[in-house]
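K.L.:
Adding 411 to a residue's 1-based position in the sequence shown gives its number in this note's numbering.
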Amino acid sequence: MAHAHPTEFSRDANRRVIWTLALAAIATGLTVAAFLGDDPCMQWMQAHQSRTASLLASKLSRFGDWPEFMLYGSVVLAIAWTRRACRLAHLIFCMMLASTLAGATANSIRLLSGRTRPSEREIRSGWYGLWYGKTFLLRKNKFHSFPSGHTASAFAFFGTAAWAHRRWGWLALSLAGAIAWSRLYLNAHHLSDVVVALIIGLLLAFVVWRRAGPPLRRWVDRWCGHRNRP
């Protein structure tokens with residue numbers, strides 16, 4: 412049996428380190444740029460409002476959140492179950508798991524960050540943590556801007572499909588991008604809220620597909636009644 416030379420492992424490890432550092436630098440740069448672009452983005456969105464676009468944004472936000480993703484996923488999963496479509500069932504399981512983890516992560520952060528929404532006019536814009544004066548903010552939605560739960564859930568859900576099928580992945584990500592745009596257009600989030608949520612979603616989509624995907628595939632194969640992959 413042939414064994415890989417130690418230098419091959421070293422090269423692979425070095426590549427992973429380089430890619431990790433490069434992606435971390437890109438994510439950091441995007442985050443910094445997004446914070447700098449918060450005000451210009453908000454001003455541009457407010458200057459280009461239209462009734463049609465507002466209606467579209469409202470629909471995207473209404474039907475583009477975690478509960479709806481779970482509903483869509485459950486319907487497709489039921490179809491996959493009846494047709495014994497193992498690959499489809501595996502993909503949907505991963506999409507639902509990634510969306511759940513990303514949504515939970517984003518919501519945990521925003522419940523603690525206390526950042527005011529851009530639409531809030533009565534309170535000075537800022538980060539207030541869990542308290543605003545003597546008011547406990549854990550259940551105060553107007554202080555839950557950072558990061559965007561809609562965006563994190565959407566990019567994790569559709570991002571998993573993109574990682575699984577690179578050729579048409581951009582189509583899936585365009586749906587997530589439309590949902591992210593809707594949150595900005597409705598003045599529900601700052602640009603930085605959306606960009607950080609996008610990073611969270613794509614990162615967790617990658618982790619779920621690469622790490623949880625293989626064991627989930629084996630479980631789905633047994634669940635579908637097949638011992639081996641097609």
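No residue lacks a Cβ here, since even glycine has one placed at the ideal position from N, Cα and C.
If you draw a straight line from the C-alpha of residue 607 to the C-alpha of residue 585, how long is it?
P.N.:
Here residue 607 refers to the residue found at position 196 when the sequence shown is read from its first residue. Here residue 585 refers to the residue found at position 174 when the sequence shown is read from its first residue. Taking the straight line joining both Cα atoms gives about 17 Å.
K.L.:
Do you know offhand how far residue 456's Cα is from residue 524's?
P.N.:
To locate residue 456, count along the sequence shown from 1; it is residue 45. To locate residue 524, count along the sequence shown from 1; it is residue 113. Cα to Cα, residue 456 sits roughly 24 Å from residue 524.
K.L.:
In three-state DSSP terms, what is residue 579?
P.N.:
Numbered from 1 along the sequence shown, position 168 holds the residue referred to as residue 579. Reduced to three states, the DSSP call for residue 579 is coil.
K.L.:
Quick check on the burial criterion: 16 or more other C-beta atoms within 10 angstroms. Buried or exposed for residue 641?
P.N.:
Counting from 1 along the sequence shown, the entry for residue 641 is found at position 230. Any answer about residue 641 is weak, because its pLDDT of 45 lies below 50 and its placement is not dependable; what the coordinates show is given next. When all chains shown are included, residue 641 counts as exposed.
K.L.:
Provide the residue(s) that pair with residue 538 in DSSP beta bridges, ordered along the chain.
P.N.:
Here residue 538 refers to the residue found at position 127 when the sequence shown is read from its first residue. Partner(s): 526.
K.L.:
Look up residue 483 in the DSSP assignment and give the residues it is bridged to.
P.N.:
Numbered from its first residue, the sequence shown carries residue 483 at position 72. Residue 483 pairs with nothing; no bridge assigned.
K.L.:
Let me confirm a value: residue 547 is counted as buried when at least 16 other C-beta atoms fall within 10 Å, else exposed. Which label applies?
P.N.:
Here residue 547 refers to the residue found at position 136 when the sequence shown is read from its first residue. Answer is exposed; the Cβ neighbour count stays below 16.
K.L.:
Check whether the region 623-632 touches the region 497-509, counting contact only when three or more Cβ pairs, one atom from each stretch, lie closer than 8 Å.
P.N.:
Judged by Cβ distances under 8 Å, the region 623-632 makes contact with the region 497-509, as three or more pairs qualify.
K.L.:
To the nearest angstrom, how far is it from the Cα of residue 577 to the Cα of residue 444?
P.N.:
By one-based count along the sequence shown, residue 577 stands at place 166. By one-based count along the sequence shown, residue 444 stands at place 33. Roughly 27 Å between the two C-alpha positions.
K.L.:
Could you check which residue in 504, 549 and 541 has the C-alpha nearest to that of residue 572?
P.N.:
What you label residue 572 is simply residue 161 of the sequence shown in a count that begins at 1. Closest option to residue 572, Cα to Cα, is 504.
K.L.:
If I measure Cβ to Cβ from residue 594 and keep anything under 7 Å in the same chain, skipping five residues before and after, which residues do I get?
P.N.:
Taking the first residue of the sequence shown as 1, we reach residue 594 at position 183. Answer for residue 594: 472, 559, 561, 562, 600 and 605, listed in chain order.
K.L.:
For residue 547, which of helix, strand or coil comes out of DSSP?
P.N.:
On the sequence shown, residue 547 is found 136 positions in, with the first residue counted as 1. The answer is strand: DSSP assigns residue 547 an E or B state.
K.L.:
Does residue 476 come out as helix, strand or coil in the three-state DSSP assignment?
P.N.:
Locating residue 476 in the sequence shown gives position 65, where the first residue counts as 1. Coil at residue 476, not helix or strand.
K.L.:
Alpha carbon to alpha carbon, what distance is there between residue 517 and residue 598?
P.N.:
The sequence position of residue 598 within the sequence shown is 187, counting from 1. The sequence position of residue 517 within the sequence shown is 106, counting from 1. Whole-angstrom Cα-Cα distance: 18 Å.
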